[in-house]
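Below is one structure; the comments refer to it alone.
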DNA sequence: ATGGCTGCTTTGAGCAGA
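What follows is the structure in structure tokens.
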């Protein structure tokens, strides 16, 4: 039994819907978590996705943020849907979680933080603290758990095209990296690093400066799997192809394959 | 490189992203 779970920050689902439909057709994942849909719930394109064979859970807001979780309509309906971090008041739509069979899938759009001296960075740290507490609870409740999304954290210098330029900048600060390590110490594993990967592998490239052509990016989109799932992981890949399309998202999809 | 590019906004030049 194979299960494939993917994540993609689409930077506006309105603009990227045709690319998402293409990607679903090409890869047919068992789950695709989307970030930065930038749509209020009444505008979510559930009909177009249903025509493509995908059921959706969605949680959005105007202009910013917004997340969704897509699953094949041929699969059993998802259960226990949770929106945002329980107990953490948040006006921003950043998290959607659901149970698929016996696997808990949590899709998240972590705060960016903007700059270390901004209020947004303090919000990011508070959000991360709340996430740690919630993930500890979720891991108690679900042996098979996957946390995916745009983490807005480059875990190590090898995840950064120019570590010197990015040193202590937002996405690369010791505080953010410590939070990433704390997630791992809860019993999660960075699926991408379970395998030998090409050096200079990124999941995001700035729209500016021909960054994609020059392969100047960051690896900030991640898939973490629980201890119980780690032995089942047979692959984890970043799909750079959509970044080459006309009007691309600045992020690439990341996908994990589980074999049980 | 105090930038660039893209998407959004009760359509404007400003915000946010990363």
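Numbering (the numbering used here), first residue to last: 22 to 281.
Heads up, the beta-carbon is just placed ideally off N, CA and C, and yes, glycines get one too.
Residue 280 is classed as exposed because its beta carbon has fewer than 16 other beta carbons within 10 Å across all chains shown.
If you compare the alpha carbons of 45, 227, 157 with that of residue 271, the shortest gap goes to 227.
Cα atoms of residue 198 and residue 174: separation of roughly 7 angstroms, rounded to the nearest angstrom. Relative to residue 188, the option among 239, 147, 117, 275 whose CA is nearest is 239. Excluding five sequence positions before and after residue 80, the CB atoms of its chain that fall closer than 6 angstroms to its own CB belong to 88, 104, 114, 117, given in chain order. Contact between the region 256-267 and the region 51-71 is absent, with fewer than three C-beta pairs closer than 8 angstroms. Less than 8 angstroms divides the Cβ of residue 55 from the Cβ of residue 31.
Within the DSSP bridge table, the entry for residue 89 names 55, 79 as partners. Within the same chain, and ignoring the five residues on either side of residue 194 in sequence, the residues whose Cβ sits closer than 7 angstroms to its Cβ are 137. Taking 8 angstroms as the cut-off, the Cβ atoms of residue 167 and residue 126 count as close. Under the three-state reduction of DSSP output, residue 150 falls in the helix class. Note that the C-beta distance between residue 247 and residue 179 is not below 8 angstroms. In the DSSP assignment, residue 139 falls outside any beta strand (DSSP E) and carries neither an H nor an E. Comparing alpha-carbon positions, the option among 51, 222, 158 lying closest to residue 108 turns out to be 158. Residue pairing by DSSP places residue 37 in no beta bridge whatsoever. For the pair residue 121 and residue 77, the Cα-to-Cα distance works out to about 12 angstroms. Between the C-alpha atoms of residue 97 and residue 183 there is a straight-line separation of about 44 angstroms.
Taking 8 angstroms as the upper bound for CB-CB distance, residue 75 and residue 92 are in contact here, some 7 angstroms apart.
Taken atom to atom, the span from the alpha-carbon of residue 249 to that of residue 230 is near 42 angstroms.
Bounds of any beta strand (DSSP E) do not take in residue 224, whose DSSP letter is neither H nor E. The continuous beta strand (DSSP E) containing residue 256 extends over residues 254-259. Here residue 111 has 105, 148 as same chain residues with Cβ atoms under 8 angstroms from its own Cβ, once five neighbours each way along the sequence are excluded. Residue 233 sits buried, since 16 or more C-beta atoms from the chains shown fall within 10 Å of its C-beta. A distance below 6 angstroms between beta-carbons, with the five flanking residues on each side excluded, links residue 203 to the following residues of its chain, in chain order: 153.
The beta-carbon distance between residue 212 and residue 277, rounded to whole angstroms, is 5 angstroms. This is short enough to meet the 8 angstroms contact definition.
In the DSSP secondary-structure assignment, residue 276 is bridged to 27, 258.
In the structure shown, residue 242 falls within a strand segment according to DSSP collapsed to helix, strand and coil. The continuous alpha helix (DSSP H) containing residue 198 extends over residues 195-206.
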